[in-house]
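If you read the protein sequences in the order shown, they are chains A, B and C.
The opening position of the first sequence corresponds to residue 1 in this note's numbering, with each subsequent residue numbered one higher.
The opening position of the second sequence corresponds to residue 1001 in this note's numbering, with each subsequent residue numbered one higher.
The opening position of the third sequence corresponds to residue 2001 in this note's numbering, with each subsequent residue numbered one higher.
Note sheet for the following structure.
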Amino acid sequence: MKFNRRRLALTLLAATPVTALATTSAEGARTATASGSLTVWVDSVRLPAAKLYAKTHPKVKLHIVTFDGDSNGATTLQAKIQLWNRTGHGWPDVIFSEQVNDPVWMASKPFDYAADLGKGVFPTSIVKQIPGPSIAQCTVTGHLVCIQDNLAQEVLYYNKKLMSQFGYSVPKTWQQWAALGDKVAKDHPGYIIGTLGDSYGHWLYLWANQCPLSSLKGPNTVLINASDPHCTQMANLLDPLLANKSVSDVTVFSPDFAKQYGGSADKVLMMPGPTWYAYAVFRDTLKLPAGEWATSTPLQWGSGPVTTGQVGGGPWIISRHTKNMAAALDFVKWNVTTAKTNTKEPNYAAVSPGYPSYKPAAAAWLKSLNADPFFAAPPGPAMQAAANDIWKGWNLVTYPDQPVWSNSVVTQLVAGKSLSSLLPALGQGLSQAAQAAGYKVVSK
Amino acid sequence: MEAARKRGLHVPRGLPFVLPYLPFLVVFGLAPTAYALDLAFTNAGGGWAWFHNFVRTYNDYRFMPAFKHVLLYTSVWLATLVVLVVGLALLLHGRANRVSSTFRFVFYMPGALAGAAAVLVWLFMLDPVVSPGSFFLRHVLGATLFAQAIAPANLPYIFAMIAFWTGAGGWIVVMYGALNTIPHDLEEAARIDGAGPIAIALRLKLPLMRKWIAYMVILSFATGTQLFVEPQLVNQASLGLVPDTWSANQLAYQLAFRYADFNGAAAIAVDLLVIGLVGAVLIVTRTGLFRTDD
Amino acid sequence: MRPATLGLRFAILAAFAVFFAAPVLWLVLAPTKADHALVTSSPFSFGSFHQLALAWKHLNAFSDHIYRRWIGNSLYYALSATAITLAVGVPAGYGLAFGRFRGRKLILSSTLVVMIIPGAALVLPIFLELNAMHLLGRSLSVILPFAFFPFGVYLAYIYYSTALPPGLLDAARVDGCTEAQAFVRVALPLAKPIVALVFFFSFVADWNNFFLPLTVLADSSQYPIQVGLSDLLSSTPSFNPAQGGGGQSVNIFRPELALATLLAIVPVAIVFLLSQRALVRGLVGGAVKE
């Protein structure tokens, strides 16, 4: 065979993997142009962003697969990953999940899917600009295994117009909030100040008040104590409100809720909710009138610290098996930074639907949010302040807790039971789920 | 037979017709079953596990509820299926053929909506705010909210109703077809003898449908215990109000795919298989389904 | 039949007809209304053609026209698998009904047993087999398992054993027919109703099968419509409030979902209409059991 030096040189050059360039330095990942083929799995909400990436990065052959986002405790991704593991191929390079605890089991056996993004693999300059609690959530057994796409800290939403109309001042504590609930039930029945009927009600009220239902005490030990004072005091606070109907037991997304409280009925006075409620719930789902809504800092218990809950904030996870780490990193990086910073992008609202985790992008997003005439007052400041208040004592575990809340508490709330009476069942359900998932459960 | 012998090759009668089916039966029926049995009696490392998987899954906190749900659901469904399908088929098998075929089409229509589609429709039917049947929901079920309509106690009946709604039409077609195999002369003879329509139905038509009814019961028993799609999708759409381990099959699925416990999943599958087999054997022996008339 | 009995019979049938038809009627009318109108206006009111067109526009635009692909996939999988099922299953039913070979009862029992086994248990073994055959992710990974339709074989077995008198076959053999000729001359002409029936059940079962395609097909553009519908369901903000915000821009709301469901039934309804005529003509008009 003829020895062709030129061909050899070209072959050697072509054989140098792009990844070698990327892993030499953290900054290297930023400067090397991403190319090659990349398969990403996104939910339909992240689809516009993924498509925009494909459009602006023609060198990358992007293959987008839309799936259900693995939300609400679904088993979609576990099933798929297990099957891919068994056949030895087929893993997507990047997955976006709506289930915040997915990276926890993805990083553990037998799934073993998540790539380690720490130690500069994912640019540390970006990591440093993402709030601590968010990074902590993406850290499993000491390794950074995901990057949160957006933050979903809980704030207090209130209807400024109605509040001033009724002569109420915005509460700062849960107790003040509850007192208003009593007033509302007496003076303006039919108006509500919150709801417990969502599948994540426990995150809004129990997590926010530091109720220990998911505290990791060790890699395989979880503290679940539903009779902790933080839990019972909140339940005792909520029970009268449930009874006098100032707190609903119906989920905000049900047609019933929309009919009763939304649209022209406009009966939502206040609502603790995550950042993404601003558009998704008040404007788009409930179709409440414009010019009425504002936010306030999360409620605190008396003079205690301001702690709040979190509802979502989906992570990006990169596959350990990816053959194109540079493009994968670039894709996630772009989604977290550029996509959310460029407010001039005509499709911006679709490309960046939530509160970005990356601080500069958050600033841009907040700027456009604060200028939106839908709100009566800029909602941004409270959200910004709350970003660091998410209670760190609620840790992510391999099993989802939403289903337990839904089928042991919400079903019974609807039947008229009080939350206090349901706390033991909640605790037991969570313990059983934890044990089935292989955890040791402690109550102290 | 002599012709065959003269040719020198004696092929067992009927076998060539069955041969193409056999690879499918083996590859997609028997081999996977054997593997499932193997999984049920071994542990994750491949070693022999005796009945350990069965005991372990039996003690799972979701096991008894799941099986109770499924058995209750299956009983309710079978009862409504047998009584109503046979009854409706008999009612249809009158003389007004165009009317009859219109009704048959109407009964069948929902069958075209498969699990996902049927659940979607019933999500609205079960929501008192949106449903055209809100009267029934409020006064029969006592539900003013969707979440109340799908209260745990109602679920077996609701799933049975959905399954009946989608499945009855197909079986009515089969039963109607079976009724059509009854020779007209027999019916005429009975009518001439003075038998009324109900007597004809019960004493002439019903016994001749016996095989088909038995077949329907066996299959419905099997599919009933295998209930998966309805509770799975209601779980999805109700955001977890209905647990994802409501039925035994769902529990098997969760064991396999959430916990990677294929051995446990296989144990539950074997449990369901045994239940289905026992039911099938009982029905087969009591109706003589396998007898080929010589 | 006395008028009273006729009236009662009609009343019962009509009541059931309402039960079966009302939800479908709701489904037909739902896409003509806007999402909030579904909640506020009467369930059986007609909205507007404009809304209907809008609903279709949104549905069609979802994820790069994937809806059309899903329907196409379902048609492809169901028709291919049913063709194989008929070619393999009807003769097999005949062979089992009239065959005299060792193992006949065994094959029958195996078929019955396999029908009773929960699908979830068989998915992993089937998946591994498909993997070994390098078929995963290809259409064959769905079509071949679908083509295994023991129910169809059983129906054919029951049909032939109840509707075809052995006397006819003996007559053909006496005439000098080989087994193959006997099948073609006697059994095939009588096969129309059973072919229609098996086609019907097989097509519908394949069209409705959810679990197998969900696990063996990785790419959502290969999904049949059922799995696609559940994907669509989880993209509908009112059923899956996308945590993290957004989802509204996806434009899939209840009317779109209702339209998607409605359009997904059309092929199956057509199949039913086609199969019905053959069934109504009756099974075995002439050849009567002694």
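Every residue, glycine too, gets a C-beta built ideally from N, C-alpha and C.
This one's a predicted model, so the numbers in the text were calculated from it and none came from an experiment.
Determine the closest residue to Leu1255 of chain B out of A:Pro58, A:Thr75, A:Lys161 and A:Lys61, with distance taken between C-alpha atoms. A:Thr75
Kindly confirm or deny that the stretch 2204 to 2223 of chain C and the stretch 2055 to 2072 of chain C touch, where touching means at least three C-beta pairs closer than 8 angstroms. Touching, yes.
Contact list for Val2039 of chain C against chain A, beta-carbon separation under 8 angstroms: Pro255, Ala258 and Lys259
Cβ atoms of Ile2084 of chain C and Ile2225 of chain C: under 8 angstroms apart, would you say? Cβ distance not < 8 angstroms, so Ile2225 of chain C and Ile2084 of chain C don't count as in contact.
Which ranges does the beta strand (DSSP E) cover as unbroken runs of at least 3 residues, wholly within the stretch 166 to 248 of chain A, from first to last along the chain? 215 to 218 and 221 to 223
Separation of Leu2025 of chain C from Arg2009 of chain C, as counted between CA atoms: 23 angstroms
Candidates A:Glu98, A:Val42, A:Val145 and A:Thr56, of which the one nearest Arg320 of chain A by Cα: A:Val145
Kindly list, in the order they appear in chain A, the residues whose Cβ is closer than 8 angstroms to that of Tyr1061 of chain B. Gln432 and Ala436
Closer than 7 angstroms by C-beta to Val1070 of chain B: which residues in its own chain qualify, once you throw out the five before and the five after it? Chain order, please. Thr1225, Leu1227, Ser1247 and Ala1248
Among B:His1139, B:Ile1182 and B:Gln1148, which residue has its Cα nearest to the Cα of Leu1204 of chain B? B:Ile1182
Can you tell me whether Arg2100 of chain C is helix, strand or coil according to DSSP? In the three-state reduction of the DSSP assignment, Arg2100 of chain C falls in the strand class.
How about Leu1092 of chain B and Phe1105 of chain B: are their beta carbons less than 8 angstroms apart? no
Counting only the same chain and skipping the five closest in sequence on each side, list residues whose C-beta sits under 7 angstroms from that of Asp445 of chain A. In this structure chain A extends from 1 to 444, so residue 445 of chain A is not present and cannot be described.
Please report how far the alpha carbon of Trp207 of chain A lies from the alpha carbon of Gln310 of chain A, in whole angstroms. 8 angstroms
Could you tell me which chain A residues have their CB closer than 7 angstroms to the CB of Asn2131 of chain C, listed as they occur along the chain? Ordered by position in chain A, the residues that pass the 7 angstroms Cβ test against Asn2131 of chain C are Thr87.
Using 8 angstroms for Cβ pairs, my map puts Val332 of chain A next to Val94 of chain A. What's the rounded Cβ distance? 6 angstroms
Alpha-carbon spacing of Lys2105 of chain C relative to Phe2146 of chain C, whole angstroms: 24 angstroms
Going straight from the alpha carbon of Leu38 of chain A to that of Lys61 of chain A, what length do you get? 6 angstroms
Can you give me the Cβ contacts of Ala114 of chain A inside the same chain, cut-off strictly under 6 angstroms, excluding the 5 residues immediately before and after it? Pro103, Met106, Ala107, Val145 and Ile317
DSSP state of Pro2213 of chain C, grouped into three classes? helix
So is Val1242 of chain B in contact with chain A if we call contact Cβ pairs under 8 angstroms? yes
Please compile the residues from chain A whose C-beta is within a distance smaller than 8 angstroms of the C-beta of Ser2220 of chain C. Within chain A, the residues whose beta carbon sits less than 8 angstroms from that of Ser2220 of chain C are Val65, Thr66 and Phe67, listed in sequence order.
Does any residue of chain C have a CB that is nearer than 8 angstroms to the CB of Arg30 of chain A? Low per-residue confidence applies at Arg30 of chain A: pLDDT is 44, beneath 50, and the placement is therefore not dependable enough to give any value.
Taking C-beta pairs closer than 7 angstroms, name the residues in chain B that Ser406 of chain A reaches, listed in chain order. Leu1239, Gly1240 and Leu1241
Own chain partners of Leu1084 of chain B with C-beta closer than 8 angstroms, once the 5 adjacent residues on each side are dropped: Phe1164 and Ala1168
Under 8 angstroms between C-beta atoms, does Leu2135 of chain C make it to chain A? no
Along the chain, where does the alpha helix (DSSP H) that runs through Pro368 of chain A open and close? The question names Pro, yet the displayed sequence has Ser at residue 368 of chain A. Lys359 to Asn370 is the span of the alpha helix (DSSP H), which, as asked, contains Ser368 of chain A.
Does any residue of chain A have a CB that is nearer than 8 angstroms to the CB of Pro1152 of chain B? yes
When A:Gly120, A:Ala294, A:Met325 and A:Tyr439 are compared against Pro373 of chain A, the one with the closest alpha-carbon: A:Ala294
If you draw a straight line from the C-alpha of Ile464 of chain A to the C-alpha of Tyr277 of chain A, how long is it? Here chain A comprises residues numbered 1 to 444, so residue 464 of chain A is not present and cannot be evaluated.
Are Tyr2107 of chain C and Leu1025 of chain B touching if we call contact CB-CB under 8 angstroms? The residue asked about is misnamed: residue 2107 of chain C is Ile in this sequence, not Tyr. Going by C-beta atoms, Ile2107 of chain C is nearer than 8 angstroms to Leu1025 of chain B.
Give the residues of chain B in contact with Ala415 of chain A, contact being defined as C-beta atoms less than 8 angstroms apart. Gln1148 and Ala1151
Could you round the C-beta distance between Ala434 of chain A and Val397 of chain A to whole angstroms and report it? I think they count as a contact, below 8 angstroms. 7 angstroms
The alpha helix (DSSP H) with Ala1153 of chain B in it runs from where to where? Taken as a continuous stretch (DSSP letters only), Ala1153 of chain B belongs to no alpha helix (DSSP H), as it is neither H nor E.
Pro1128 of chain B versus Leu1145 of chain B - alpha carbon distance: 6 angstroms
Same chain, Cβ closer than 8 angstroms to Leu2212 of chain C, five either side skipped, listed in chain order: Excluding sequence neighbours, Leu2212 of chain C sits near Gly2119, Val2123, Ile2126, Val2142, Pro2145 and Phe2146.
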